[in-house]
Structure formats: structure tokens, C-alpha cells
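The next block holds one structure in the form of C-alpha cells; read it before the comments.
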Amino acid sequence: KAGVTQTPRYLIKTRGQQVTLSCSPISGHRSVSWYQQTPGQGLQFLFEYFSETQRNKGNFPGRFSGRQFSNSRSEMNVSTLELGDSALYLCASSSAGSGANVLTFGAGSRLTVL
Amino acid sequence: AQRVTQPEKLLSVFKGAPVELKCNYSYSGSPELFWYVQYSRQRLQLLLRHISRESIKGFTADLNKGETSFHLKKPFAQEEDSAMYYCALSRNSGNTPLVFGKGTRLSVIA
Numbered sequence: 001k002a003g004v005t006q007t008p009r010y011l012i013k014t015r016g017q018q019v020t021l022s023c024s025p026i027s028g029h030r031s032v033s034w035y036q037q038t039p040g041q042g043l044q045f046l047f048e049y050f051s052e053t054q055r056n057k058g059n060f061p062g063r064f065s066g067r068q069f070s071n072s073r074s075e076m077n078v079s080t081l082e083l084g085d086s087a088l089y090l091c092a093s094s095s096a097g098s099g100a101n102v103l104t105f106g107a108g109s110r111l112t113v114l
Numbered sequence: 001a002q003r004v005t006q007p008e009k010l011l012s013v014f015k016g017a018p019v020e021l022k023c024n025y026s027y028s029g030s031p032e033l034f035w036y037v038q039y040s041r042q043r044l045q046l047l048l049r050h051i052s053r054e055s056i057k058g059f060t061a062d063l064n065k066g067e068t069s070f071h072l073k074k075p076f077a078q079e080e081d082s083a084m085y086y087c088a089l090s091r092n093s094g095n096t097p098l099v100f101g102k103g104t105r106l107s108v109i110a
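Here it is, written out as C-alpha cells:
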């Protein structure tokens, strides 16, 4: 079955702009998590959606937001971009039940803010 | 709050030598522990989870609750083991996010 698909794979924005990233989970997976990956901080949890509801949220400012649609696809948005938002944004999906903590990651969306 | 510490940023070993990647965690409850791996130009993927008690690609990891550790071990390193390894923890409820350590880059020298 198809893996987790993230689009776009690469994007360049300037400070102050906003960006929307998309994630299509594995078919049947209802949970989608987002992580920010940087060389200095590693993987930091942004938020998790399950059945269109935000179930968990990390310690990121309100400029970072997300949503999930009825088909489990998810988007995350970052408004008023800052240089420090440059990172690889990873999406991961998981199934319910005993596999809930087994994440399948996408290839990521690499955001560069100039 | 949960925290995962991987004390080594980089670990270099010779091919055929034993490998131990350290992971310590802080969490007062009953955790679920994982190792994830990212090979060059590949996606981050699950290597093993402690509840499975499996050996994957020759790697094993034992949860030591007394020492709050979950070290990853392999008796004989191979060149293809070179990768970035992340230890991760979740509260054992299936409804909480994974917290990752900052990772250890393993370099196996031929």
C-alpha cells in the first residue's frame, strides 16, 4: 500500500509569508502527527490529529496550526514565517489500537525561509 | 514531562565491533520505548519497540526501568548500519505523542 505522502517536498518562502503543507496518511490510518526536524533540536512534536480533532499539541506558538479532513488527510499552516522556521517538517500516520504509537513517516517537506 | 536523552551525537565503530547506542529517559510512569532509524536519503522508520522483544537486523534493546535506560545493541556492526538513530518514548496509553531524543549518528568504518 502507498506510504505517507507529503507535498510539497521543497519550498522557499520569505519572512512574513505563510505556508501550507499537506500530508496524506496511509490508507486506514486515522491519526496524523506533525514534527519539526532541525539539526539543533532534532524532532519536535507539533500536533496530532485523530478523526478530524486535534488530540495533542506541542509547545509551538499559535502561528503553527493544522487541521484534518474527513478522509484523514491533514494540512499544517505556518503564518508570519520567521527565519527560525526553516526546517524539515515531517508528517507521520498511525493506526488505532496497539499500533497507535508505531509511526510511519513521510519523506518530509523542507521549508527554507529567507 | 517525558524526556529522552541520547548522550552521544556521533558514534564511530569499526566493522565487526560491538555497538551500543545509549538512551536514557525520564518519566515516572510506565513508558513505551522505541528506536527509529534514518538511513541516508531514506525516511525515518521504526527499528524496534520494547514490547515486541524482537531482534531486528541484529539489533536488540532492553528496557531497564531501574536505570531508566533503553540502550540499543548489536554484537557485530556492519557498514550498512551507518545511519541516524533516534530513541523515542510514549506514555503507555496509545494516545500520547512520541517524544524523541536528539539522535545519535552511527558511523561504521570498514
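First to last, the protein sequences are chains Z and A. The numbering of the first sequence is this note's numbering, which starts it at 1 and goes up by one. The numbering of the second sequence is this note's numbering, which starts it at 1 and goes up by one. Ideal Cβ positions, reconstructed from N, Cα and C, are used throughout, including at glycine.
One question on the structure: do residue i and residue j come within less than 8 Å of each other, judged by their Cβ atoms?
| i | j | result |
| --- | --- | --- |
| Ala110 (chain A) | Ala17 (chain A) | no |
| Val102 (chain Z) | Lys13 (chain Z) | no |
| Val108 (chain A) | Glu67 (chain A) | no |
| Phe100 (chain A) | Val13 (chain A) | no |
| Gly106 (chain Z) | Leu90 (chain Z) | yes |
| Ala96 (chain Z) | Tyr35 (chain Z) | no |
| Asn56 (chain Z) | Phe64 (chain Z) | no |
| Val19 (chain Z) | Asn71 (chain Z) | no |
| Leu106 (chain A) | Tyr86 (chain A) | no |
| Ser86 (chain Z) | Tyr49 (chain Z) | no |
Between the alpha carbons of residue i and residue j, how many angstroms are there, rounded?
| i | j | result |
| --- | --- | --- |
| Gly62 (chain Z) | Ala83 (chain A) | 34 Å |
| Leu11 (chain A) | Leu21 (chain A) | 8 Å |
| Gly42 (chain Z) | Lys102 (chain A) | 5 Å |
| Leu46 (chain A) | Lys65 (chain A) | 22 Å |
| Thr60 (chain A) | Glu32 (chain A) | 15 Å |
| Gly16 (chain Z) | Pro8 (chain Z) | 19 Å |
| Asn59 (chain Z) | Phe45 (chain Z) | 8 Å |
| Val115 (chain A) | Thr38 (chain Z) | Nothing can be reported for residue 115 (chain A): it is not among the residues displayed for chain A, which extend from 1 to 110. |
| Leu81 (chain Z) | Pro75 (chain A) | 46 Å |
| Val4 (chain Z) | Ser51 (chain Z) | 17 Å |
| Tyr10 (chain Z) | Gly108 (chain Z) | 9 Å |
| His29 (chain Z) | Arg91 (chain A) | 20 Å |
| Gln54 (chain Z) | Lys15 (chain A) | 45 Å |
Should residue i go down as buried or exposed, given a rule of 16 or more other Cβ atoms within 10 Å for buried?
| i | result |
| --- | --- |
| Leu89 (chain A) | buried |
| Pro97 (chain A) | buried |
| Ala2 (chain Z) | exposed |
| Thr104 (chain Z) | buried |
| Phe69 (chain Z) | exposed |
| Ser55 (chain A) | exposed |
| Tyr39 (chain A) | exposed |
| Ser28 (chain A) | exposed |
| Ser24 (chain Z) | buried |
| Asp62 (chain A) | exposed |
| Ser27 (chain Z) | exposed |
Determine which residues of the region 61-90 of chain Z have a Cβ less than 8 Å from any Cβ of chain A, and write them out in chain order.
-> Leu90
Positions along the region 90-105 of chain A whose CB lies within less than 8 Å of some CB in chain Z = For the region 90-105 of chain A, the set of positions with a beta-carbon nearer than 8 Å to some beta-carbon of chain Z reads Ser90, Gly94, Asn95, Thr96, Pro97, Leu98, Val99, Phe100, Gly101, Lys102 and Gly103 in chain order.
Under 8 Å (Cβ pairs) to chain Z, residues found in the region 7-28 of chain A = none
Does the region 55-73 of chain A come close enough to the region 21-34 of chain A that 3 or more CB-CB pairs lie under 8 Å?
-> yes
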